[in-house]
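A.B. asks: Below: one structure in structure tokens.
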Amino acid sequence: MDASIVLEHLYLVAMTVIFSVIVGLPIGVLAYLKPSVRKIVLWSVELLQTIPALALLGLIIIALGPGKMTVITGLVLYSLLPIVHNTFVGLESVDSGIKEAGKGMGLTQLDRLISVEIPLAFPMIFTGIRIATVTTVGVAVFATSVGGGGLGKVIYQGIRTQNMNLIVSGTVSLMIMAVLFDVLMIWINRRLAKGTRNQAF
Amino acid sequence: MIRFENVNKKYGNSVILDDLNFNIEAGEFVVLIGPSGCGKTTTLKSINRLIKPDQGKIFVNGQEISQVNPVKLRRKIGYVIQQIGLFPNMTIEQNIGVVPKRLKYDKKEIQKITRDLMEMVDMSYEEYAHKYPSELSGGQQQRIGVLRALAASPPIVLMDEPFGALDPMTRATLQKEIANLHKKLKKTIVFVTHDMNEALDLADKIVFMEHGKIVQMATPEEMLANPASPLIRDFMRKSALAADTLNLTAADFLSANVISVQKKKSIRECTDLMARHHIDSLVIKNEDQTYAGVVTIKDIKKHGKSSGVIGEIEPYQNITSDILENAKDSFDKLYSSGDNYVVVLNNDQTIAGIITKTSMATAMADTLWGDMQ
Amino acid sequence: MSFFETYGDRLITAFQIHLFYVLTSVVIGFVIALLLGILLSRVPQYAKVVMPLLSVFQTIPGIVFIGILFLYLGMIPATVISALAVYAIFPILKNTYTGLLDVKKEYIEAAKGCGMTPLQTLIEVELPLASPSIITGLRMSTIYTVSWAVLAAMIGLGGLGEFIYIGIASNNDQLILAGAIPSAIMAIILSLLIDVLRRAVVPKGIRSVK
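Taken in sequence, the protein lines are chains A, B and C. For what it's worth, the working numbering labels the leading residue of the first sequence as 19, then goes sequentially. For what it's worth, the working numbering labels the leading residue of the second sequence as 22, then goes sequentially. For what it's worth, the working numbering labels the leading residue of the third sequence as 1099, then goes sequentially.
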């Protein structure tokens, strides 16, 4: 096992997270702004989670063929739930007094969203991104089944060849990666939360 | 009934209870009071062993409580807390029945107890017994909190600032109810508060604590007459002041500096007067100086002509107060009417002055903090 | 001729096996998690160390557990069930622990003041108040387990994963769907059943409070 596999895994995770945010954040905002589609949106992202990861990848492979695109698409669909959910809940739970103050000052809906509501909801949204990231580190082991490489390759190989060393080294790298992301993102979130507090008062 | 002997308690280096010794007789309503951190709540909670003293002995009904199983002890001592603490997962009846159920009362009996207790505080069993705490108002919840403490008819009831979180109106009602319950049921009640009025109203004996020690333990009358320390006097003074405001009348709050005119004054003169004083209304007097009403600048504009006299305009009947009226009633009128001020009238219906929100605030500050001049 | 004529029987068997794995491992996981959660909530000072450790272990992918257990235990259902049960534990444990810890102190003090024993306080006050959180954990665990149980097929132990693995290997979308759709349906039905359970378990008085 060498560093390139770790990097490959990291690449999958990073791309997944970036695209999940690009897709998930607007969906969460939509669910917040449009009560009419809220239920269906939240229900759909939850439904996506009930499909086994492996099956989801298997279905996408049919459309996109094997490779990294398939893996990333599958993982993005899979990590939408925490991001959409937390974006929605975060925006929803911004203090109604603050929202009203924004309205009272004559800010437009978009203005309020960008300059008040999203910044205040951001710690919650970021928590969603963190959960998605850590989960993706784990779920990305399935990548290898659809030709996406990463640490899953090492682990599968270890299991197939009954090589404990391979299994352990793959797993430990994975755990370290997950824990590092977790700790780092908790730390970032704390700093950010401090920032929003200062802005708010 | 309850006796403390050399009770000490420390948290780290700070002394919470400093060699406490006192005695509470059966049937007494004892109120523990003092500044925050004085040890009153710790004292209360060591009676039902929620807090364990470091040294000393506490006797309840002749038994030293460290020798009694805490669960058994607590079932014989009712307990009411400020946060109410009704179990949200249980109905009102289940909440009241918590202790009786554990003492193996049968179902019928528990139901009867619940019904009787609820009757005592004028809450209908049919309407409320099967509701959940979240469906009740704060005041109703705390009534049930008190009833829960009484359900197994414990000889002793402990209350930890039970009414501290309630609004003043509800608090007053519940104080009255608890006084009645005490009279009726003859329980020994130990009650913690930081509100001297509450202590004076309810207590047979007040225990004033500071720095973990008892500064004075006396009847309310005795404490009022001979406060044992400057701090107690201070507590008394504040509460006396608060009580005094209840005796204030409209006269104490009015501003006599009111611009009034007779009906025969010309409209032009009136508008000049208003402009000069930066006001938008005038109080109008009849020929005999009695109050006729109020004319505003709007009324004058509506009238259209600036010739003629002010008496031609039908005056607005602003709210009025009698000069001897309780000040609070005048305030209520002021706030509920929507008028900008209350016109205060002397006995002979002449104008004494007006109460505005500003004059009210100024006078209030005077009463509380001394003369503002 | 049609897909169901060819695979119908195998699909039903696979569904049953899959469901069996899920139910046994969730039940086992639930019991262990509940007990462990209660235990940890009694000693929060240790829990502060134990909980983060557990969440580190949670980052180990299911494949690894199944893979390692497979090497030691061999190709028996116990391998799958114990690996899945370990996974089912985490969300329930976490939610039981935080649910119990979130019970407001005033209720516990009131319970004590009413002369409840610690066990009575737990059963009659703390667990009912924590039940919404516990059930949420159970729901999460169940959905995950349905998804992870696909891995049973990786070591030849059947279940709906069989269709998915074969489908991926042979690039047969019908087979993948035949594995994916029933397992999604299983996850949805089980989570609906848990919602019914929630209604039965969560006391009426706290439903609006959440």
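From the three backbone atoms N, C-alpha and C, an ideal C-beta is built for every residue, glycine too.
1) Mind checking whether P74 (chain B) and K122 (chain B) have CB atoms under 8 Å apart?
2) Report yes or no: is there a C-beta of chain B within less than 8 Å of the C-beta of A1208 (chain C)?
3) From the DSSP output, in three-state form, read off R1305 (chain C) for me.
4) If you count every other CB in all the chains shown that lies within 10 Å of the CB of T14 (chain B), and 16 or more means buried, which is it?
5) Taking any Cβ of chain F, which residues in the stretch 183-203 of chain A have a Cβ under 7 Å from it, in chain order?
6) Please compile the residues from chain C whose C-beta is within a distance smaller than 9 Å of the C-beta of T112 (chain B).
7) Hey, how far is the Cα of L1288 (chain C) from the Cα of V1124 (chain C)?
8) Quick one: grab the DSSP three-state call for A218 (chain A).
9) When DSSP labels each residue in this structure, what does E335 (chain B) get in the three-state scheme?
10) Does the Cβ of Y96 (chain A) have 16 or more other Cβ atoms within 10 Å, making it buried, or fewer, making it exposed?
11) Rank B:S174, B:V213, B:M139 and B:Q132 by C-alpha distance to the C-alpha of R164 (chain B) and give the top, closest one.
12) Beta carbon of M141 (chain B), beta carbon of L202 (chain B): below 8 Å?
13) Give the range of the alpha helix (DSSP H) segment to which N218 (chain B) is assigned.
14) Could you have a look at D392 (chain B) and say whether DSSP puts it in helix, strand or coil?
15) Given this structure, state the Cα-to-Cα distance separating M142 (chain A) from P189 (chain B), to the nearest angstrom.
16) Check whether the Cβ of T68 (chain A) lies closer than 8 Å to any Cβ atom in chain C.
17) By the criterion of Cβ-Cβ separation under 7 Å, what are the contact partners of G1254 (chain C) in chain A?
18) Does the distance from the C-beta atom of Y1119 (chain C) to that of I1166 (chain C) stay below 8 Å?
19) Tell me which residues share the same chain as G1277 (chain C) and place their Cβ nearer than 6 Å to its Cβ, disregarding the 5 neighbours each side in the sequence.
20) Alpha carbon to alpha carbon, how far is Y1195 (chain C) from G77 (chain B)? Give it in angstroms, no decimals.
21) Are at least three pairs of beta-carbons, each pair with one atom in the stretch 89-98 of chain B and one in the stretch 145-161 of chain B, less than 8 Å apart?
22) Less than 6 Å between C-beta atoms, sequence neighbours within five positions excluded: which residues of the same chain meet that for K97 (chain B)?
23) Can you check which of these residues, A:L169, A:A196, A:F199 and A:L198, is closest to I185 (chain A) by C-alpha distance?
24) Going by DSSP, name the residue or residues bridged to N347 (chain B).
25) Hey, does V35 (chain A) have any beta-carbon neighbour from chain C nearer than 8 Å?
26) Could you work out which residues of chain B lie near L1132 (chain C), taking near to mean beta carbons separated by less than 8 Å?
27) Against chain C, which members of the stretch 75-109 of chain A pass a CB distance test of less than 7 Å?
28) Kindly indicate if chain C contains any beta-carbon less than 8 Å away from that of L72 (chain A).
29) Check each candidate in C:G1256, C:V1294, C:Q1272 and C:L1275 and name the one with the smallest Cα separation from T1111 (chain C).
30) Would you call M195 (chain A) buried or exposed, if buried means 16 or more other Cβ atoms sit within 10 Å of its Cβ?
31) To the nearest angstrom, how far is the alpha carbon of L396 (chain B) from that of Y1205 (chain C)?
32) Please list the terminal residues of the continuous alpha helix (DSSP H) segment that includes Q76 (chain B).
33) Name the chain C residues whose beta carbon is nearer than 7 Å to that of V63 (chain A)?
34) In angstroms with no decimal places, state the Cα-to-Cα distance between K1308 (chain C) and P1230 (chain C).
35) Taking the alpha-carbon positions, what's the T1267 (chain C) to F1101 (chain C) distance?
36) Taking only beta-carbon atoms, is Q104 (chain B) less than 8 Å away from chain C?
C.D. replies: In short:
1) no
2) yes
3) coil
4) This structure does not reach residue 14 (chain B), given that chain B is present from 22 up to 394, and the question cannot be answered.
5) The chain labelled as chain F is not found among the protein chains of the depicted structure, namely A, B and C.
6) K1302 and G1303
7) 11 Å
8) Model confidence at A218 (chain A) stands at a pLDDT of 36, short of 50, so the residue's coordinates are unreliable; what they give is reported in the following sentence. Looking at A218 (chain A) - three-state DSSP - the assignment turns out to be helix.
9) coil
10) buried
11) B:M139
12) yes
13) M217 to L223
14) Low per-residue confidence applies at D392 (chain B): pLDDT is 46, beneath 50, and the placement is therefore not dependable, though the value from the model is reported in the following sentence. Here D392 (chain B) sits in coil by DSSP.
15) 38 Å
16) yes
17) The contacting residues do not exist; G1254 (chain C) stays about 12 Å from chain A at best.
18) no
19) L1258, F1261 and I1262
20) 37 Å
21) no
22) P175
23) A:L169
24) B:T270
25) no
26) Here the premise fails: no neighbours, minimum Cβ distance about 17 Å.
27) G76, L77, I79 and I80
28) yes
29) C:G1256
30) buried
31) A question about residue 396 (chain B) goes unanswered here, because the residues of chain B that appear run from 22 up to 394.
32) Per DSSP, Q76 (chain B) belongs to no alpha helix (DSSP H); it is in the beta strand (DSSP E), Q76 to V81.
33) Within 7 Å Cβ-Cβ: nothing; V63 (chain A) doesn't reach chain C, min ~13 Å.
34) Note on K1308 (chain C): pLDDT 37, under 50, position unreliable in the model; no value is reported.
35) Reading off the sequence shown, one finds Ala at residue 1267 (chain C), where the question assumed Thr. So the alpha carbons of these two residues sit roughly 18 Å apart.
36) yes
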